[in-house]
Each structure stands twice: as C-alpha cells, then as structure tokens.
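**Q** Per the working numbering, the sequence shown runs over residues 318 to 671. Don't be surprised by glycine CBs; every beta carbon is placed ideally from N, CA and C. Sending over a structure as structure tokens; questions will come in a sec.
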Amino acid sequence: RLTLRAIILVAFFLTALSKIFLLPFILIDDIRRGLIWIRNKSFTKKSADPEQKAESETISRSDFIIKAGMAAAAIPLASLTYGIVSGAYDYQVNRRKLYLPNLPKAFDGITIGQISDIHSGSFYNKTAVSGGVEMLLAEKPDAIFFTGDIVNSLASEIKDYQDIFSKVKAPLGVFSTLGNHDYGDYYFGKEPSAAKSRNLAEIKNIHKNLNWDLLLNENRRLKVDGEEIAVIGIENWGAGRFLKYGRMELAVKGTDDAPVKLLLSHDPSHWRAQVLTDYPQIDVMFSGHTHGMQFGVITPNFQWSPIEYIYKEWAGFYREKHQQLYVNVGYGFLGYPGRVGILPEITIFELKRG
C-alpha cells in the first residue's frame, strides 16, 4: 500500500501543480480588473447606469476567467490521479528487433528480455508487480538483462518482493548491474560510512540470492552451439553530477575476440559521454534511469517528455554510426507513484544478423 510519506508527497504535488495552472488565470483577471479600474478613474462618469453595467460585465467576465482557470487546473489533476490509479502497473511488452552485422549465426533469433529501475521501495501492489513478472516470463526470453536501481536506497525495501523477482530466470542466465540509487548516496550521503557499505553489500547479496549474475565492471560470455558473444556490465557511470563508480577499462578486459559486445550501463548519458568516444567496440548499450520522467507521450512516430530537456537519449533506440543504445523507461516508479503516457516497460529483443 502507499506509505504515509508517499500520500503526503502526492497530495502536495497535485495541489501545487493545480495552483500553478490556476495562477495565470487569476493573474490575467487581476490585470484586467486593474485596467478597468484605471479606465473608470480616468474618465468622467455620465451616469450611474453605465458604471453599474461595466461592473456587472466585470464580475461576469471575472467569473468566466476563474472558471476557465479551474477547468485548466483540473486537467493535470485528473491526469495525474489517473496515472496513479491506472498507469503505475500498466506493464507494456515492447518487442524490438536488434540487428547486428557481426552476430554469430547461432545467435540469430535469440531473444533477450530487459527490465530496469524496479525501485521496490515505491511499490504498493504486490499482485500487480507479480503480474508484470509473469508477463516477462510468458515471453520466454533466452536471456534477461536488468539495468539497475533495484531499490530506492535501502536493501530492506525489496524484502516483500524478493520472492517475486526470484522467479525471473532464463536459459542463458539473468545478468544485472547497479544503478545510482543502489549505492545509498541519497540516504547515507556521498561520503563513505560503515552503514552505507553494509547496505551496498546487502544489495549485492540480493542479486546473488535472486540468482542474477551481477556484473561489477566485468563481463561474461553467452554461449550457443559453440559460438559466443560478450555481455559487459559496468557499475553506475553518469555524466555531470552523478558519481562515476564504473570502470570501463576493467569491464571490457578480455572481450577483444568477441564478435558482439553488449553493454549493461544504467545511465544513458554514459553512452555519449564515454562509450561513443572511447569504446567503439561496444555494439549495443542497454540502459534505464530516465523513467521517461513517468510523464509524456510515446507513439511509433513521435515521443515527448520533459526529461528530454535533461537527457538527449531518454527512451527507445538511438544510433551513432555502428553503435546502438536502448533506453528502457523502467519497471517501477519513483516519487510520483504513477505514470502518465510513459508506461512501465518490459522489452524483448530478438537478435538478428544484418
């Protein structure tokens, strides 16, 4: 269920947003009233009747403007409420073909599932979360990638959901990495501490208990019929203010002979800031992190979210020359306990030669 803190935050957010939408209409009405007052003071009134008529018109127009403002304020309020009731757990399976010119023949048609940003500390509907996992497993992917943020901050958050995510299995394995929230920086602070170290150790152990292969600046080989491709996992590395725990030079070590190199890196800003410039051997990077801001529009031919003013790559496929990036908009949610337009995502990639 929703925590008291979440309820208070949502109530505050919805109230503030509604007032923001209403404020311009109130301001317009105040300006209009001021101009009318100045006009009436500037000209001699010939009789009481015209003044009374003007005042009546003023009240009528003011009433219209305020009602229009209230209607405008109701739109985001209704949308965000709907996003909580209907959008938070409305999991969408997105099937994508992933073309790789150097893909070994044995991997042609192999499928990989991706989920990201579970944020288990935000969940309040265990049945719905379980339903999303069943949707993933129903696709029967050959391998599964999880690209970070299993919790909001604390390892204890996933306690009630560990039994659900322990069902996430695949024939070729489940490979995971850490996201910025997994390190506890937002709870314990950025400075090292014993409590922070214990929390991170517990989170790493959770991946182990789930039988997920947590890649911490290291790599593995996927093997099919005697052929191999590399799966590389890096600790969180984000451009700008985010701490850079990742070490790509360690993560790629020993992968030179792999014909295809797939990178798991939580933050998509890592792709443009380092991967494109320094690691041209990476064929595809799989990311999450942005959530699509949990608000926006995604259609086959158009997508928009406020997050695009922060992240150049924030949802779906991107390509620069021979290198590709896919940004999953996340399985869970953070802060606002809902989603409007940008629904929780389960991605299924089919590897294809070409």
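Tell me the rounded alpha-carbon separation between K507 and T444.
**A** Whole-angstrom Cα-Cα distance: 35 Å.
**Q** Does the beta-carbon distance from R670 to D425 come in below 7 Å?
**A** yes
**Q** Can you round the beta-carbon distance between T464 and S433 to whole angstroms, since I take them to be within the 8 Å contact cut?
**A** Yes, they are in contact, since the Cβ atoms of T464 and S433 sit about 4 Å apart, within 8 Å.
**Q** Quick check: E630 and V644, are their CB atoms within less than 7 Å of each other?
**A** Yes.
**Q** Could you work out which residue in I345, G609, D502 and K422 is closest to D380 when comparing CA atoms only?
**A** Residue I345 is the option with its Cα nearest to D380.
**Q** Grab the span of the alpha helix (DSSP H) containing G550 for me, first residue to last.
**A** Counting along the chain, G550 falls outside any alpha helix (DSSP H), though it belongs to the beta strand (DSSP E) covering E544 to G550.
**Q** Determine, for I551, whether the minimum Cβ-Cβ distance to residues of chain B falls below 7 Å.
**A** Here there is only one protein chain, and chain B is not present.
**Q** Taking just the CA atoms, how far does Q640 sit from R413?
**A** 16 Å
**Q** Does the contact criterion of 3 or more C-beta pairs under 8 Å hold for the stretch 609 to 617 versus the stretch 650 to 665?
**A** Verdict: yes, contact present.
**Q** Check for me: the beta strand (DSSP E) holding E535 runs from which residue to which?
**A** E535 to V541
**Q** Rounded to the nearest angstrom, what separates F462 and M565 at their Cα positions?
**A** 18 Å
**Q** Taking only the alpha-carbon atoms, compute the straight-line gap between L352 and T398 and give it to the nearest angstrom.
**A** 38 Å
**Q** Unbroken alpha helix (DSSP H) runs of length 4 or more, entirely within the stretch 463 to 524: which are they?
**A** Segments of the alpha helix (DSSP H) lying fully in the stretch 463 to 524: 479 to 482 and 502 to 505.
**Q** Tell me whether the stretch 541 to 559 and the stretch 402 to 409 touch, counting them as touching only if at least three CB pairs, one residue from each stretch, are closer than 8 Å.
**A** no
**Q** Measuring alpha carbon to alpha carbon, tell me which residue in P617, V485 and L471 is nearest F505.
**A** Closest option to F505, Cα to Cα, is L471.
**Q** Any contact of the stretch 562 to 576 with the stretch 521 to 541, i.e. 3+ C-beta pairs under 8 Å?
**A** Short answer: they touch.
**Q** The alpha helix (DSSP H) spanning L567 covers which residue range?
**A** M565 to A568
**Q** For L489 and A460, what's the separation of their Cα atoms in angstroms?
**A** 5 Å
**Q** Straight-line CA distance for I427 to P509?
**A** 42 Å
**Q** Using a 10 Å radius around the Cβ and a threshold of 16 neighbouring Cβ atoms, would you call Y478 buried or exposed?
**A** Burial of Y478 is indicated by the presence of at least 16 other C-beta atoms within 10 angstroms of its C-beta.
**Q** Using the rule of at least 16 other Cβ atoms within 10 Å of the residue's Cβ for burial, across every protein chain shown, is N516 buried or exposed?
**A** buried
**Q** Count the other CB atoms, across all protein chains shown, that sit within 10 Å of the CB of W529; report buried if there are 16 or more and exposed otherwise.
**A** Around the beta carbon of W529, a 10 Å sphere encloses 16 or more other beta carbons of the protein chains shown; the residue is thus reported as buried.
**Q** Starting from G449, trace the alpha helix (DSSP H) in both directions and tell me its first and last residue.
**A** K443 to A455
**Q** Considering Q431, what are the terminal residues of the beta strand (DSSP E) in which it resides?
**A** T428 to I432
**Q** In the DSSP assignment, find the beta strand (DSSP E) that holds Q640 and state where it starts and stops.
**A** Per DSSP, Q640 belongs to the beta strand (DSSP E) from Q640 to V644.
**Q** For a quick check, are the C-beta atoms of I429 and I467 less than 7 Å apart?
**A** In this structure, I429 sits away from I467, with a CB-CB distance that is not shorter than 7 Å.
**Q** Using three-state DSSP, classify E637 as helix, strand or coil.
**A** Looking at E637 - three-state DSSP - the assignment turns out to be strand.
**Q** Which same chain residues end up closer than 8 Å to A568 when comparing Cβ atoms and leaving out the 5 residues on each side of it in sequence?
**A** L532, N534, E535, N536, I549, G550, I551 and L580
**Q** Quick one: Cα of W277 to Cα of Y408, how far?
**A** The chain is shown from 318 up to 671; residue 277 falls before or after that span and cannot be answered.
**Q** One question on the structure: do H587 and H606 come within less than 7 Å of each other, judged by their Cβ atoms?
**A** no
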